[in-house]
Amino acid sequence: MTPTTRLCVNGETVDVAASEDTPLLTVLRDELGLVGSRFGCGQGLCGACFVLLDGVAVPSCQTPVSQASASSGVVTVEGLPEGGTPHPVQAALLEGQAAQCGFCISGIVVRAAALLSTNPAPSADEVAEALEHNLCRCGVQRRIIDAVVSAGSAR
Ligand code: FES
Ligand code: FES
């Protein structure tokens, strides 16, 4: 019988049927239907699956659910808007029409949100450095960096 693991996800306590070494990404997508976090490489290399764990951006494909259970909480891209208002990074990406296919964007939003929580007005170089492990196959990194910078300066 599959054990039950208790998690806090986007502010809600949930019990999921998952062994302790199940990747958090699998639980989020397959158990909880939170498909904003993408499966890209599955090896911690592309950034498409980033979520916040204790406020820090981590690759959920490489995070066992036991680690998430021991944390104070997981925030996915779905949990970043507040009161129906998009997170400033989400709003800036929309405003700047920065995304192309969008596959990388959830992970980038999460990583950028983590950056703004510690550096509210980052420079373009600081954004580029923060996002260096978020791959974008569409090549719109310049637009994404500009949008994150504008999200910071607008706050
Ligand atoms: S799918 Fe997790 S880092 Fe690529
Ligand atoms: S917008 Fe297509 S992968 Fe980044």
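Here the sequence shown is numbered in the working numbering, starting from 16 and rising by one per residue. Glycine included, every Cβ here is placed at the ideal spot set by N, Cα and C. Since we're looking at a predicted model, the values are computed, not measured.
Thinking just about the alpha-carbon of each residue, which of 77, 72, 25 is nearest to the one in residue 131? 72
Less than 8 Å between the beta carbons of residue 42 and residue 80, yes or no? yes
Kindly examine ligand 2 and report whether one of its heavy atoms sits closer than 7 Å to the Cβ of residue 114. yes
Could you give the residue range of the alpha helix (DSSP H) that holds residue 158? 156–168
Can we count residue 120 as close to ligand 2, meaning its CB is less than 7 Å from some heavy atom? yes
So does residue 163 have its beta carbon nearer than 7 Å to some heavy atom of ligand 2? no
Contact set, ligand 1 heavy atom to C-beta under 6 Å: 54, 55, 56, 57, 59, 60, 61, 62, 63, 64, 74, 76
Applying the criterion that 16 or more other CB atoms from any shown protein chain within 10 Å of the CB defines a buried residue, is residue 70 buried or exposed? exposed
What are the complete alpha helix (DSSP H) segments, minimum 4 residues, inside the region 103–134? 103–110, 120–133
Got a sec: does ligand 2 put a non-hydrogen atom nearer than 7 Å to the Cβ of residue 152? yes
Distance, Cα to Cα, residue 34 vs residue 104? 34 Å
Taking the alpha-carbon positions, what's the residue 147 to residue 137 distance? 14 Å
State the beta-bridge partners of residue 28 as determined by DSSP. 23
To the nearest angstrom, report how far apart residue 93 and residue 162 are at their CA atoms. 19 Å
Are there three or more Cβ pairs, one per stretch, closer than 8 Å when the region 55–63 is compared with the region 22–37? no
How is the beta strand (DSSP E) around residue 73 delimited, first residue to last? 71–74
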